[in-house]
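Enquirer:
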Amino acid sequence: MPKPEPSTTQSKRPESLYPDVTAWVTGHFVPMYRRTLGGEFRWCAQWWRHGEAISRLTALWFSWESMRLQGATGMALWYRDHLDHHIPVLLGPRGPFYQCTENEHLTPHQARTIPVPAGWLGLDPDDPDLVDA
């Protein structure tokens, strides 16, 4: 039996306006969403050295690329549901840039971790060694 030909009505996934998060941050995010820096709002010119910032900005970029195509209210929803949530976290005094200034990057403190004991995770919860935990 021959394979059916792809329907001409099936649409391809639209191409991203920006090829990667770096292009989106430098070409759209930074020029568009200006804030007076210092005090309440912090930014780091080396934003790419902050793992949380990379993660949040990538999420913003992915959602922006999707929602810009959703018609009349897509961008309004993006602002409300995505940007308005992440801006205070990213730029706020407790965000990933809290130690940085626009001109100086300071590596944020990383929380200490203690290795998980072998076999600790995934054990039977009735194991007597886990009762005191």
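Residues 0 to 132 (numbering that gives the first Met the number 0) make up the sequence shown, in order. Backbone N, C-alpha and C fix where the C-beta goes; we use that ideal spot for every residue, glycine too.
Count the other CB atoms, across all protein chains shown, that sit within 10 Å of the CB of VAL88; report buried if there are 16 or more and exposed otherwise.
Expert: Locating residue 88 in the sequence shown gives position 89, counting from the first residue. Label assigned to VAL88: exposed.
Enquirer: Between the segment 47-62 and the segment 84-104, can you find at least three pairs of beta-carbon atoms closer than 8 Å?
Expert: The answer is yes - the segment 47-62 touches the segment 84-104, with three or more Cβ pairs under 8 Å.
Enquirer: Would you mind giving the Cβ-Cβ distance between MET66 and LEU76, rounded to the nearest angstrom? I have them listed as a contact below 8 Å.
Expert: Taking the first residue of the sequence shown as position 1, residue 66 is located at position 67. Taking the first residue of the sequence shown as position 1, residue 76 is located at position 77. Indeed, because the Cβ distance is near 6 Å, the residues count as touching under 8 Å.
Enquirer: Could you give the first and the last residue of the continuous alpha helix (DSSP H) run that contains PHE40?
Expert: On the sequence shown, residue 40 is found 41 positions in, with the first residue counted as 1. First-last for PHE40: undefined, no H or E at that position.
Enquirer: Can you tell me whether VAL24 is buried or exposed, with buried defined as 16 or more other CB within 10 angstroms of its CB?
Expert: On the sequence shown, position 25 is the one that residue 24 refers to. VAL24 is buried by the Cβ-count criterion.
Enquirer: Suppose the cutoff is 8 Å on Cβ atoms and the five residues either side in sequence are ignored; what does the same chain contact list for TYR17 look like?
Expert: Here residue 17 is taken as the residue at index 18 of the sequence shown, counted from 1. Result list for TYR17: TRP23, GLY26, HIS27, TRP60, GLU64, in chain order.
Enquirer: Check the C-beta distance from HIS104 over to ARG41 and give it rounded, since I have them as a contact under 8 Å.
Expert: Residue 104 sits at position 105 when you count from the first residue of the sequence shown. Residue 41 sits at position 42 when you count from the first residue of the sequence shown. Not quite, the Cβ-Cβ distance comes to about 11 Å (not below 8 Å), so this is no contact.
Enquirer: Just tell me which of ARG12, HIS85, HIS108 has its CA closest to the CA of TYR32.
Expert: Residue numbering aside, residue 32 sits at position 33 when the sequence shown is read from its first letter. Checked all of ARG12, HIS85, HIS108; the closest Cα to TYR32 is HIS85.
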